[in-house]
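First comes the structure, then the notes that go with it.
Residue numbers (mature numbering (1 follows the signal peptide of the UniProt record, and there is no 0)): -24 to -1, 1 to 146.
Spelled out as structure tokens, the structure:
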């Protein structure tokens, strides 16, 4: 599902505030290592039903660095730019949603989320572990920061999600 322009602009303005925070952190950012079990998605919903957690996702292609520049120029040749703005590029050609069960032991690692309800207190903490039920509560809460605007890297083994990593967006 493609994000609305208003949602993207709102997220961009909030994230602009954090660019200086990310830069202040220095070179701590590390791209998520892709494996055969890793996929990148937008999360459409997280639900709890009959004692189990489920996640519905829209798959995307996430590119960084040189790959992002190549994909950007391929998809947007008339942009007038020499490469992907901010060093990343997302391709979302397939908007088919898929639902997976989430393992009760799934690791959830967050980079940025609303901890206090005060936008001035939002700060990046790399790969901060969060309990699955807490993540579901945070995802549903979108008054300060909408977590649906971030891509997530999911590790899926035998059709079950075992790890969820929020992708930091510079």
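Cβ coordinates follow ideal geometry from the N, Cα and C atoms, glycine included.
For residue 45, the enclosing alpha helix (DSSP H) stretches over residues 41 to 51. When DSSP states are grouped into helix, strand and coil, residue 26 belongs to the coil group. Relative to the Cα of residue 137, the nearest Cα in the group 96, 4 and 19 belongs to 19. The beta carbon of residue 4 sits closer than 7 Å to those of 102, all from its chain and outside the five residues before and after it, given in chain order. Contact between the stretch 100 to 120 and the stretch 45 to 58 is absent, with fewer than three C-beta pairs closer than 8 Å. Counting the other Cβ atoms within 10 Å of the Cβ of residue 54 gives fewer than 16, which makes it exposed. When C-alpha distances from residue 84 are compared across 73, 64 and 109, the shortest belongs to 109. Nearest Cα to residue 11 within the set 45, 144, 133 and 113: 133.
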